[in-house]
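Asks: Please see the structure below; I have some questions.
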Amino acid sequence: MISTEDIIKIASYFTVIAHTPGRLRVRVNPKIKSESGNITLEDIENLPNKINGINSITIKKIIASVTITYDPTVFSPALWEDLIANRNLDEITELINNLAKEVV
């Protein structure tokens, strides 16, 4: 299972390519492969099943990009910018923890 700390760590490897409310496209730093520990692509792709407000995550390995579609009324666009810039992490952690779906 992926934790909030893992999400913050993963986001530190992202650089924004394009961002409109509800859709975020990021470039992924190749260093993530050697430094992401035991987090798998499947863990990342399954985040929409675990967190309300994230609709889908598409990973394009060949061009090292990730597209995240989300509900901008749940996750404000500024929140994503903060996550990638490593700002306001307490607020982000609290929000993610509140939105985490109970997995039975």
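Residue numbers for the sequence shown, in the numbering used here: 971 to 1074.
Glycine residues also receive a C-beta, built at the ideal position from the N, C-alpha and C atoms.
Taking the straight line between their C-alpha atoms, what separation do you get for R1057 and N1067?
Replies: Locating residue 1057 in the sequence shown gives position 87, counting from the first residue. Locating residue 1067 in the sequence shown gives position 97, counting from the first residue. Straight across, the Cα-Cα distance linking R1057 with N1067 is about 17 Å.
Asks: What does A1070 pair with, by DSSP beta-bridge criteria?
Replies: Position 100 of the sequence shown, counted from the first residue, corresponds to residue 1070. The bridge partners DSSP lists for A1070 are I1021.
Asks: Shorter than 7 Å, the distance from the beta carbon of T985 to the closest heavy atom of the ligand NAD, or not?
Replies: Although the ligand NAD was asked about, the structure shown includes no ligands whatsoever.
Asks: DSSP on S1035, reduced to helix/strand/coil?
Replies: One-based indexing of the sequence shown puts residue 1035 at position 65. Note: S1035 maps to strand in three-state DSSP.
Asks: Could you round the C-beta distance between L1069 and G1023 to whole angstroms and report it? I think they count as a contact, below 8 Å.
Replies: Here residue 1069 is taken as the residue at index 99 of the sequence shown, counted from 1. Here residue 1023 is taken as the residue at index 53 of the sequence shown, counted from 1. That pair is a contact at about 6 Å.
Asks: DSSP three-state call for E973: helix, strand or coil?
Replies: Taking the sequence shown and counting its residues from 1, the one referred to as residue 973 is at position 3. The sequence as given places Ser at residue 973; Glu does not occur at that position. Coil.
Asks: Hey, how far is the Cα of P1042 from the Cα of L1049?
Replies: On the sequence shown, residue 1042 is found 72 positions in, with the first residue counted as 1. On the sequence shown, residue 1049 is found 79 positions in, with the first residue counted as 1. P1042 and L1049 have their C-alpha atoms roughly 10 Å apart.
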